[in-house]
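Chains D and S, in that order, give the protein sequences.
When we follow our numbering, the leftmost residue of the first sequence carries the number 33, and every step to the right adds one.
When we follow our numbering, the leftmost residue of the second sequence carries the number 33, and every step to the right adds one.
A short write-up of the structure that comes next.
Number of protein chains: 2
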Amino acid sequence: MKKLLLLIIIAPIFAIAQTDDSLFIKKISDEILTNGKAYDLLYQLTKQVGGRLAGSPQFAKAVQWGKSSMQLMGADTVYLQECMVSHWVRGGKDKVEIVETNHVKQNKLLDGLALGNSLGSNGKPVVAEVIAIKDFAELEKRKDEVKGKIVFYNYPFNPTYVQTFKAYGESGVYRHAGASRAAKYGAVAVLVRSLTEATDNNPHTGAMSYNDSFPKIPAAALGLKDADALYELCKKSSLKISLTTYAKMLPDTLGYNVIAELRGTEFPNQYITVGGHLDSWDVNEGAHDDGAGIVHTIEVMRALKALGYHPKHTIRFVLFANEENSTNGIGGGYKYAAVAKEKNEQHIFALESDEGGFTPRGFGFSVNANQLQKVRTWLPLLQPYGTEEMNYGGGGSDIGPLARVLKTPLSGFVPDNQRYFDVHHARSDVFEAVNKRELLLGAVNMAGLIYLIDKYGL
Amino acid sequence: MKKLLLLIIIAPIFAIAQTDDSLFIKKISDEILTNGKAYDLLYQLTKQVGGRLAGSPQFAKAVQWGKSSMQLMGADTVYLQECMVSHWVRGGKDKVEIVETNHVKQNKLLDGLALGNSLGSNGKPVVAEVIAIKDFAELEKRKDEVKGKIVFYNYPFNPTYVQTFKAYGESGVYRHAGASRAAKYGAVAVLVRSLTEATDNNPHTGAMSYNDSFPKIPAAALGLKDADALYELCKKSSLKISLTTYAKMLPDTLGYNVIAELRGTEFPNQYITVGGHLDSWDVNEGAHDDGAGIVHTIEVMRALKALGYHPKHTIRFVLFANEENSTNGIGGGYKYAAVAKEKNEQHIFALESDEGGFTPRGFGFSVNANQLQKVRTWLPLLQPYGTEEMNYGGGGSDIGPLARVLKTPLSGFVPDNQRYFDVHHARSDVFEAVNKRELLLGAVNMAGLIYLIDKYGL
Numbered sequence: 033m034k035k036l037l038l039l040i041i042i043a044p045i046f047a048i049a050q051t052d053d054s055l056f057i058k059k060i061s062d063e064i065l066t067n068g069k070a071y072d073l074l075y076q077l078t079k080q081v082g083g084r085l086a087g088s089p090q091f092a093k094a095v096q097w098g099k100s101s102m103q104l105m106g107a108d109t110v111y112l113q114e115c116m117v118s119h120w121v122r123g124g125k126d127k128v129e130i131v132e133t134n135h136v137k138q139n140k141l142l143d144g145l146a147l148g149n150s151l152g153s154n155g156k157p158v159v160a161e162v163i164a165i166k167d168f169a170e171l172e173k174r175k176d177e178v179k180g181k182i183v184f185y186n187y188p189f190n191p192t193y194v195q196t197f198k199a200y201g202e203s204g205v206y207r208h209a210g211a212s213r214a215a216k217y218g219a220v221a222v223l224v225r226s227l228t229e230a231t232d233n234n235p236h237t238g239a240m241s242y243n244d245s246f247p248k249i250p251a252a253a254l255g256l257k258d259a260d261a262l263y264e265l266c267k268k269s270s271l272k273i274s275l276t277t278y279a280k281m282l283p284d285t286l287g288y289n290v291i292a293e294l295r296g297t298e299f300p301n302q303y304i305t306v307g308g309h310l311d312s313w314d315v316n317e318g319a320h321d322d323g324a325g326i327v328h329t330i331e332v333m334r335a336l337k338a339l340g341y342h343p344k345h346t347i348r349f350v351l352f353a354n355e356e357n358s359t360n361g362i363g364g365g366y367k368y369a370a371v372a373k374e375k376n377e378q379h380i381f382a383l384e385s386d387e388g389g390f391t392p393r394g395f396g397f398s399v400n401a402n403q404l405q406k407v408r409t410w411l412p413l414l415q416p417y418g419t420e421e422m423n424y425g426g427g428g429s430d431i432g433p434l435a436r437v438l439k440t441p442l443s444g445f446v447p448d449n450q451r452y453f454d455v456h457h458a459r460s461d462v463f464e465a466v467n468k469r470e471l472l473l474g475a476v477n478m479a480g481l482i483y484l485i486d487k488y489g490l
Numbered sequence: 033m034k035k036l037l038l039l040i041i042i043a044p045i046f047a048i049a050q051t052d053d054s055l056f057i058k059k060i061s062d063e064i065l066t067n068g069k070a071y072d073l074l075y076q077l078t079k080q081v082g083g084r085l086a087g088s089p090q091f092a093k094a095v096q097w098g099k100s101s102m103q104l105m106g107a108d109t110v111y112l113q114e115c116m117v118s119h120w121v122r123g124g125k126d127k128v129e130i131v132e133t134n135h136v137k138q139n140k141l142l143d144g145l146a147l148g149n150s151l152g153s154n155g156k157p158v159v160a161e162v163i164a165i166k167d168f169a170e171l172e173k174r175k176d177e178v179k180g181k182i183v184f185y186n187y188p189f190n191p192t193y194v195q196t197f198k199a200y201g202e203s204g205v206y207r208h209a210g211a212s213r214a215a216k217y218g219a220v221a222v223l224v225r226s227l228t229e230a231t232d233n234n235p236h237t238g239a240m241s242y243n244d245s246f247p248k249i250p251a252a253a254l255g256l257k258d259a260d261a262l263y264e265l266c267k268k269s270s271l272k273i274s275l276t277t278y279a280k281m282l283p284d285t286l287g288y289n290v291i292a293e294l295r296g297t298e299f300p301n302q303y304i305t306v307g308g309h310l311d312s313w314d315v316n317e318g319a320h321d322d323g324a325g326i327v328h329t330i331e332v333m334r335a336l337k338a339l340g341y342h343p344k345h346t347i348r349f350v351l352f353a354n355e356e357n358s359t360n361g362i363g364g365g366y367k368y369a370a371v372a373k374e375k376n377e378q379h380i381f382a383l384e385s386d387e388g389g390f391t392p393r394g395f396g397f398s399v400n401a402n403q404l405q406k407v408r409t410w411l412p413l414l415q416p417y418g419t420e421e422m423n424y425g426g427g428g429s430d431i432g433p434l435a436r437v438l439k440t441p442l443s444g445f446v447p448d449n450q451r452y453f454d455v456h457h458a459r460s461d462v463f464e465a466v467n468k469r470e471l472l473l474g475a476v477n478m479a480g481l482i483y484l485i486d487k488y489g490l
């Protein structure tokens, strides 16, 4: 009976709060869908700055753009945070060519792209016979055939996984570790089927790493049409390929996280972080990856400010340096967490957008069970804007170190991911691949979640 | 106690059924995502047939394509169903030009497109002053200024509606009824802001209709950039526009629904219909509208057949004639329902896909409360493939007559709709605007629902 009474008293209060919240989130949505600047900002970042690999002059330009954009959009304060970043350069135009089929000379160019962090052939062609294999199991079985050859990994991106990130996780190991696994058996270079299901032939680059125990051989990605054709050709012919790449790893260099703040009115020393990564690959405009996350971040700030919202906690909007090819312990995310720890900052929550600017599906959370239960009570408030899922598992490479160092609860924005790997790390990741409304709706849902976290805590 | 016992007995059976069902739906998904033909079929329909307005030679070609495609994909039987279709022709290249600003001659071309079913100016220019208005309320207020003028409706597509169909419904009345509303007060033509939020300047056509009480004046759509510029110009200047259109309404003519069947093993005389409309506007490839629905329909059939599924009920796969500009009581959907009634057929369910080939969000239902409750128990089975919503409200123009004539329960496939009105009825609705995986996943969810309906009824 007492329990019942309590319910009767609590229910109307909760109902009022929900109504207030739903009204404010509707205001956020109307503000962003009507006056949102995310799309225009993305145009600037992609077309006026362009590709912006860590350490490049374009990245420096992006930092200045980020700083002045966040100032213009009403941040209470904007500052740069120094950090060391990896500094890989492509160094020239990669060239992959079939030069011999069954001992007959050819000159068929393939569309190849050196993998990030790989070392090039110093502009000298590596010419060798190709051995086409499907997976590491086949590599192990045929290890005695590998010496002196170019190993071509043709591991497919599994089309039956509805969640495309699952296919990325599974195939990614060939890009990451394929070179050293093949070098172990004497391979002189590797070619890797791109991590995509795209219907075009664009190769997709992305970070790889070497095992220091083996020679550091060149590594390049092929698009799907070339990969399919090459695999078929290898089945019936002996083939020689000439691979020329120029890539170099230079010493780590100075970069910057760009940080804006809306100061908290009640708990100014408790922080909520919202961010994405400012760097991109060199071969595209980094529109979905992660221009979208950058302009989501700025748009969330702009909208809260435009609505006159005074957060209880200090909200940090962070454009992180060097996600794409940071090596262990280097890069913007690591530095941000290290400084937070050094200053003994209290970080109550961090949210990242780094899965593209597509239509929202929800959020993934790396939080405890009570916290997940709490955020799920907000589902009805965000559902009208596209959030359907609030599940375990999520965060982002840039905010990951916060969780490791300070046990900060994390979330990652989850947009629809069917088109993501069509453009991810490929030339086609350009402004035109982003839809304005889909992009803006991402910011609506992120701003809604941040508002609720700020108001109710976790 | 009895109730509890019943539960204990039923629960494991239900669990087994769910497992069988989830396994079969996974098979459907794997089959479609691996071997799906929807994308290749869409290529044929859009690139080899192209735009296919009812009554056009291209529509006749589409009918033959549909028939042979469904035969190739394994239908038990395929046949054509004669029906009368509206026969509107554009007749020439529409021309809209600003010819005078403040009595000074100009020759600024605007990108205009005659509305479907509108009558043209017989190739003779209609030259008149423009009156720019926002909505019907303003028209009524300024009705005395309208005589002899071209009325330009600049009613915006509301960006704050997260569901874009809501904005379409609200703005659509200006396209549908604007001409006669203006002709009532003596207007000589109308221009209508396109029903879109696209960032380009493509005009969007679409059906309109005349009120026979007033003169049937020409009507054309303008893209958003031209509409915005014209509206601004009209605020500060007097403007004359010259509008030349050639459109004609010819007598209704013969068309065909293309119908394929998989025959039912238990209830061959009970029908489940799956369909989309085969016709499209003349100015594009009708890729999302409704090429997607057509290839969804064929793919659902192909996949069920490929998996050796023998349906209990007869499943009809219908490519309907003449949705876009059918006039009252004319067109493929009406004929299909009329024949069904004539033959006293029992139609237990109909599903339409006519909202594009985008990533799935769910289904809308026009069913009773018990039926909705029943389909919602299947939500966990379809969620892994993208279905999150199973709500009231849904169907499609082509299956609507079945509900009216035979009270058939209906459903409409609901893909994400953020990009739909960017291309809807515009030149940009082409094959390249469709993503392969998004398209295939639509067929996965539709096939899953049809399987469940066939197995459990409604």
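Every residue gets a Cβ at the ideal spot worked out from N, C-alpha and C, and that includes glycine.
Treat the numbers as computed from the prediction; the structure is a model and nothing was measured.
Check: Beta-carbon of S:S212 versus every beta-carbon of chain D: anything under 9 Å?
Finding: In the second sequence, the residue the question calls residue 212 of chain S occupies position 180. No, because no Cβ of chain D sits closer than 9 Å to the Cβ of S:S212.
Next item on the list: Label S:Q450 either buried or exposed according to how many other C-beta atoms from any shown protein chain fall within 10 Å of its C-beta, with 16 as the threshold for buried.
Entry: For the purposes of this step, residue 450 of chain S is taken as the residue at position 418 of the second sequence. The residue is buried, with at least 16 neighbouring Cβ atoms inside 10 Å.
Checklist line | Below-9 Å beta-carbon distance, D:G425 vs any chain S residue | finding: The count along the first sequence starts at 1 and reaches residue 425 of chain D at position 393. No, D:G425 lies away from the interface with chain S (no Cβ there is under 9 Å from its Cβ).
Notebook entry, point to check: Quick check: the segment 397–411 of chain S against the segment 391–404 of chain D, are there 3 or more CB pairs under 8 Å?
Noted result: no
Next item on the list: Measure from the C-beta of S:V491 to each C-beta in chain D and report whether the shortest distance is under 9 Å.
Entry: Missing from the structure shown is residue 491 of chain S; chain S here goes from 33 to 490 and no further.
Next item on the list: Could you tell me which chain D residues have their CB closer than 9 Å to the CB of S:S61, listed as they occur along the chain?
Entry: Residue 61 of chain S sits at position 29 when you count from the first residue of the second sequence. Residues of chain D passing the Cβ test: T192, V194.
Check: What whole-angstrom Cβ distance do S:G123 and S:Y278 have, given they're in contact under 8 Å?
Finding: As a working mapping, residue 123 of chain S is identified with position 91 in the second sequence. As a working mapping, residue 278 of chain S is identified with position 246 in the second sequence. Right, the Cβ-Cβ distance comes to about 3 Å (below 8 Å), so this counts as a contact.
Note to self: Just checking D:V121 against the ligand SAH - is the residue's beta carbon closer than 8 Å to any of the ligand's heavy atoms?
What the structure shows: Absence of the ligand SAH is noted for the structure shown, with no ligands found whatsoever.
Check: Leaving out the 5 sequence neighbours to the left and right, which residues in its chain are closer than 8 Å to S:P460 when beta-carbon positions are compared?
Finding: Within the second sequence, numbered from 1, the residue matching residue 460 of chain S stands at position 428. In the sequence as displayed, the identity of residue 460 of chain S is Ser instead of Pro. Around S:S460: A230, D232, N234, N316, D454.
Item checked: Residues of its chain near S:A94, where Cβ-Cβ distance is below 6 Å and the 5 sequence neighbours each way are ignored -> Here residue 94 of chain S refers to the residue found at position 62 when the second sequence is read from its first residue. Correct list, in chain order: V81, R84, L310.
Check: Of all Cβ atoms in chain D, is any one closer than 9 Å to the Cβ of S:D258?
Finding: Position 226 of the second sequence, counted from the start, is the residue given in the question as residue 258 of chain S. No, S:D258 lies away from the interface with chain D (no Cβ there is under 9 Å from its Cβ).
Item checked: Local Cβ density within 10 Å of D:L38, reported as buried at 16 or more and exposed below that -> Here residue 38 of chain D refers to the residue found at position 6 of the first sequence. Per-residue confidence for D:L38 stands at a pLDDT of 42, beneath the threshold of 50, marking its modelled position as unreliable; the derived number appears in the next sentence. Counting Cβ neighbours within 10 Å, D:L38 comes out exposed, since fewer than 16 surround it.
Next item on the list: Inspect the CB distances between the segment 56–69 of chain S and the segment 464–475 of chain S and report whether three or more fall short of 8 Å.
Entry: yes
Check: Would D:P412 count as contacting chain S if we go by Cβ distances under 9 Å?
Finding: Here residue 412 of chain D refers to the residue found at position 380 when the first sequence is read from its first residue. No, no contact with chain S.
Checklist line | Through-space distance from S:A319 to S:A458, alpha-carbon basis | finding: Against the second sequence, residue 458 of chain S aligns to sequence position 426. Against the second sequence, residue 319 of chain S aligns to sequence position 287. In a straight line, the C-alpha of S:A458 is about 11 Å away from that of S:A319.
Check: Can you find a CB in chain S that lies within less than 9 Å of the CB of D:Y278?
Finding: In the first sequence, the residue the question calls residue 278 of chain D occupies position 246. No, no contact with chain S.
Notebook entry, point to check: Among the residues of its own chain, which have a CB less than 6 Å from the CB of D:L481, if the five just before and after it don't count?
Noted result: As a first step, residue 481 of chain D must be located in the first sequence, where it is residue number 449. Nothing meets the Cβ criterion.
Notebook entry, point to check: What does S:Q418 reach in chain D if we use C-beta pairs closer than 9 Å?
Noted result: By 1-based counting over the second sequence, the position of residue 418 of chain S is 386. It is worth fixing the name first, because residue 418 of chain S is Gly in this sequence and not Gln. Result: V194, R393, D448, Q450.
Notebook entry, point to check: Where do the ends of the beta strand (DSSP E) carrying S:T26 lie?
Noted result: Past the boundaries of the shown model lies residue 26 of chain S; chain S is included only from 33 to 490, so the question cannot be answered.
Notebook entry, point to check: If the cut is a Cβ gap below 8 Å, which residues of chain S does D:T518 touch?
Noted result: Because chain D in this structure spans residues 33 to 490, residue 518 of chain D falls outside the shown range and cannot be described.
Next item on the list: Check each candidate in S:Y206, S:Y366, S:P416 and name the one with the smallest Cα separation from S:E374.
Entry: Reading the second sequence from its first residue, position 342 is the one you call residue 374 of chain S. The residue with the shortest Cα to Cα distance from S:E374 is S:Y366.
Checklist line | D:N402 - containing alpha helix (DSSP H), residue span | finding: For the purposes of this step, residue 402 of chain D is taken as residue 370 along the first sequence, with counting starting at 1. Taken as a continuous stretch (DSSP letters only), the alpha helix (DSSP H) holding D:N402 covers 401–408.
Notebook entry, point to check: When DSSP builds the beta bridges, which residues end up paired with S:W120?
Noted result: On the second sequence, position 88 is the one that residue 120 of chain S refers to. In DSSP, S:W120 forms a bridge with S:M281.
Next item on the list: Tell me, please, whether the CB atom of S:E202 is closer than 9 Å to any CB atom in chain D?
Entry: The sequence position of residue 202 of chain S within the second sequence is 170, counting from 1. Taking Cβ atoms only, chain D never reaches closer than 9 Å to S:E202, which makes this a no.
Next item on the list: Measure the C-alpha to C-alpha separation of D:A338 and D:G426 and round it to an integer number of angstroms.
Entry: The count along the first sequence starts at 1 and reaches residue 338 of chain D at position 306. The count along the first sequence starts at 1 and reaches residue 426 of chain D at position 394. Rounded to the nearest angstrom, the two C-alpha atoms are 29 Å apart.
Note to self: Taking CB distances under 9 Å as the criterion, tell me whether D:K79 reaches chain S.
What the structure shows: Reading the first sequence from its first residue, position 47 is the one you call residue 79 of chain D. It does not; no Cβ of chain S falls within 9 Å.
Check: What are the partner residues of S:L294, as DSSP defines its beta bridges?
Finding: For the purposes of this step, residue 294 of chain S is identified with residue 262 of the second sequence, where counting begins at 1. Beta-bridge pairing links S:L294 to S:I347.
Next item on the list: Find the residues of chain D that neighbour S:T231, judging by a C-beta separation of less than 7 Å, and give them in chain order.
Entry: Counting from one through the second sequence, the residue named residue 231 of chain S turns up at place 199. Chain D residues near S:T231: K468.
Checklist line | Cβ neighbour criterion (16 or more within 10 Å) applied to D:V350 | finding: Along the first sequence, one-based indexing puts residue 350 of chain D at 318. It counts as buried.
Margin query: Using a 10 Å radius around the Cβ and a threshold of 16 neighbouring Cβ atoms, would you call D:A22 buried or exposed?
Written below: For chain D, the structure presents residues 33 to 490; residue 22 of chain D sits outside this window and is missing.
Notebook entry, point to check: In angstroms, rounded to a whole number, what distance separates the CA positions of D:R408 and S:L262?
Noted result: Residue 408 of chain D sits at position 376 when you count from the first residue of the first sequence. Residue 262 of chain S sits at position 230 when you count from the first residue of the second sequence. The straight-line gap from Cα to Cα measures roughly 48 Å.
Next item on the list: Check whether the Cβ of S:D53 lies closer than 9 Å to any Cβ atom in chain D.
Entry: Here residue 53 of chain S refers to the residue found at position 21 when the second sequence is read from its first residue. S:D53 does not count as touching chain D.
Check: For the alpha helix (DSSP H) that D:R451 lies in, which residues bound it at each end?
Finding: On the first sequence, residue 451 of chain D is found 419 positions in, with the first residue counted as 1. Neither: D:R451 is in no alpha helix (DSSP H) and is coded neither H nor E.
Checklist line | Interface partners of S:L481 on chain D, CB under 7 Å | finding: By one-based count along the second sequence, residue 481 of chain S stands at place 449. Going along chain D, no residue has its Cβ under 7 Å from S:L481, so there is no contact; the nearest lies around 16 Å.
Margin query: By the three-class DSSP mapping on this structure, what secondary structure does D:I41 have?
Written below: Here residue 41 of chain D refers to the residue found at position 9 when the first sequence is read from its first residue. For D:I41, the predicted model reports a pLDDT of 45, less than 50, meaning its position is unreliable; a value from the coordinates is still stated below. Helix, per DSSP.
Next item on the list: Would you kindly report the start and end of the unbroken alpha helix (DSSP H) that includes D:R207?
Entry: Here residue 207 of chain D is taken as the residue at index 175 of the first sequence, counted from 1. Start and end: 196–215.
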